[in-house]
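Take a look at the structure set out below.
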Amino acid sequence: MDSAATRSSSQTIQQFEQFVIPNYRRYPISLVRGEGSYVWDAEGKRYLDLFPGWGCNILGHCPPRVVKAIQDQVTRLIHIPNTWYTEAQGDFAEMLSTRGFGKAFFCNSGAEANEAAIKLARLHARDGRYKVISFENSFHGRTFATVTATAQPKYHEGLGPLLAGFRYAQHNDLESVEKLLDRETCAILIEPVQGEGGINIPSDGFLQGLRKLADENGCLLIFDEVQTCMGRTGTWFGYQQFGVQPDVMTLAKGVAGGVAAGAMLCKNEFAPDLRPGMHASTFGGNPLAMAAGIATIQTIEEDGLLANCQAMSDRFRAHLEKLKSELPIITELRIKGMMVGIELSIPSTPAVAKCMERGLLINATHDTVIRLLPALNVTPEQVDEACEILATVVREMAKEQ
């Protein structure tokens with residue numbers, strides 16, 4: 032048993048059954064330690080993790096610079112409210128802005144960041160406009176505003192009535208957006224690459240078309256970059272892949288290397304709209320998260336991880352295109368940096384358990400998509416190992432048809 036484990040997986044599961052609300056579907060494994068793209072369970076079994084931290088661990092598990100930054104910071108300040116200034120928050124805001132744009136508001140999650148963006152859009156309108164257009168198969172969070180913005184009915188069941196003012200357009204369909212725009216619309220909200228919806232990449236000209244429609248109709252264009260930020264697509268932010276700058280972008284998941292953090296960045300001219308008293312986040316911008324965020328950026332730059340992201344993306348593509356040519360049940364590959372979607376003609380969920388048995392952790396989403404969000408520092412050997420296991424599993428699933 033790994034030295035980090037104090038009890039077996041079954042003992043931990045029993046404890047959860049007694050004391051933890053069962054709102055998550057959990058696998059019957061207790062993870063106790065991680066390093067890079069590997070994790071170990073309580074029984075000492077090692078897994079190659081290609082979905083580390085649900086995409087939050089963008090540098091893998093326990094990246095050394097992030098660990099050291101938190102250790103150093105925790106001895107000086109753990110939490111300071113936003114009624115005072117802290118150096119780390121200013122430094123991290125500058126680092127994000129100079130690699131992206133605008134000014135930053137800090138919070139704790141993607142849902143909080145999107146809440147801030149929605150508030151900003153309504154506050155900026157000042158004329159009663161309140162409607163927000165989002166897109167089918169999107170995912171923006173679990174709060175009432177963000178779950179309403181999430182245009183997937185399965186997330187709405189039992190929660191009605193939802194928040195007023197949200198309209199849903201078809202992804203990659205500018206005409207459907209135009210039909211929804213009216214004098215009450217204040218914003219268009221979209222993920223540059225849809226993550227939970229199945230790694231859906233915008234068609235050529237779509238985001239440019241949204242930029243034009245937003246400008247013509249006096250709306251803010253908001254990019255939900257919760258999954259695509261911090262080099263996930265091979266550039267610092269997803270919008271840089273498409274040459275379209277939004278007015279507002281929201282960040283979370285990997286923004287602080289696995290520590291809970293979120294941010295909303297907006298162009299300078301819109302920053303005054305989020306005036307004092309209109310929005311806040313008690314733990315937002317706390318020193319620990321800011322130190323972790325700074326160390327995350329330093330690691331990506333000093334270790335050349337934007338280049339590694341693209342190189343490993345190409346390596347995944349080479350492996351998976353070969354597999355696709357072999358197996359008709361793979362109907363489409365959608366890959367952008369370290370966002371990998373493998374569309375199957377059959378349910379993808381069985382692949383998760385089959386891969387887990389073989390020591391590989393992956394995700395299934397949108398019924399038929401195998402989804403990978405590997406760390407930016409994944410190695411060629413790890414890509415090869417993962418693709419070999421995936422190939423074995425998908426071949427097995429094909430035979431079962």
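In this text, residue positions in the sequence shown follow our numbering: the first is 32, and each later residue adds one.
Glycine included, every Cβ here is placed at the ideal spot set by N, Cα and C.
Source: prediction; values computed, not measured.
Check                                                                                                        : Outcome
Chain B within 9 Å of D398, Cβ atoms only                                                                    : No chain B appears in this structure, which consists of one protein chain only.
Proximity of L407 and L81 at Cβ, strictly below 9 Å                                                          : no
Extent of the continuous alpha helix (DSSP H) run through M369                                               : Premise fails: M369 is in no alpha helix (DSSP H) and is neither H nor E.
Identity of the residue in H310, Q413 and K385 nearest F26 by Cα                                             : Since the first residue shown for the chain is 32 and the last is 432, residue 26 is missing from the structure and cannot be characterised.
Beta-carbon spacing of N168, Q225 below 9 Å                                                                  : yes
Identity of the residue in C87, N54 and S40 nearest G75 by Cα                                                : S40
Presumed contact (8 Å Cβ cut-off) between V257 and L282, rounded CB distance                                 : 6 Å
Secondary structure, beta strand (DSSP E): runs of 3+ residues fully inside the segment 159–189              : 162–166
Reference Q413; option with closest CA among A73, C87 and R346                                               : R346
Buried or exposed (CB count within 10 angstroms, at least 16 for buried), S34                                : Per-residue confidence for S34 stands at a pLDDT of 49, beneath the threshold of 50, marking its modelled position as unreliable; the derived number appears in the next sentence. Result: exposed.
Between the CA atoms of G249 and V163 - distance to the nearest angstrom                                     : 12 Å
First through last residue of the alpha helix (DSSP H) which encompasses F47                                 : S40 to F50
R505: first and last residue of the uninterrupted alpha helix (DSSP H) it sits in                            : Look at the range of the chain in this structure, 32 to 432, and you will see that residue 505 is not part of it.
I420 - DSSP class collapsed to helix/strand/coil                                                             : helix
Distance between K210 and Y161 (C-alpha atoms, nearest Å)                                                    : 17 Å
Straight-line Cα distance separating P83 from S68                                                            : 7 Å
Rounded Cβ spacing between S379 and I401 (contact assumed at less than 8 Å)                                  : 5 Å
Pair within 9 Å by beta-carbon distance, N339 and I109                                                       : no
Cβ-based neighbour list, E352, same chain, cut-off 8 Å, excluding 5 preceding and 5 following                : L364
Inter-residue CB distance, G228 and F170 (contact presumed, cutoff 8 Å)                                      : 6 Å
Span of the alpha helix (DSSP H), counted from its first residue to its last, around N339                    : L336 to E357
Proximity of P303 and F273 at Cβ, strictly below 9 Å                                                         : no
Cα-Cα separation, Q46 to P53                                                                                 : 12 Å
Per-residue DSSP class, three states only, for K76                                                           : coil
Residues near A156 by beta carbon distance below 6 Å, same chain, minus five either side                     : C217
Burial state of L190, where buried means 16 or more other Cβ atoms lie within 10 Å                           : exposed
Beta-carbon proximity of L251 to I219, cut-off 9 Å                                                           : yes
Buried versus exposed, by CB contacts within 10 Å (16 or more), D235                                         : exposed
Length of the line joining the Cα atoms of A342 and W71                                                      : 27 Å
Segments assigned beta strand (DSSP E), at least 3 residues, entirely inside the segment 278–310             : 279–282 and 293–297
Contacting residues, own chain, Cβ-Cβ under 7 Å from L127 (five flanking each side not counted)              : A135, A294 and L296
Candidates F197, T259, K298 and I420: closest to N88 by CA position                                          : T259
Three-state secondary structure (DSSP) of D204                                                               : coil
Beta-ladder partner(s) of L319, from DSSP                                                                    : Answer is none; L319 lacks a bridge partner.
Beta carbon of A142 nearer than 9 Å to that of R173                                                          : yes
Sequence-distant residues of the same chain with beta carbon closer than 7 Å to I325, five excluded per side : A100, A119, D122, F123 and M126
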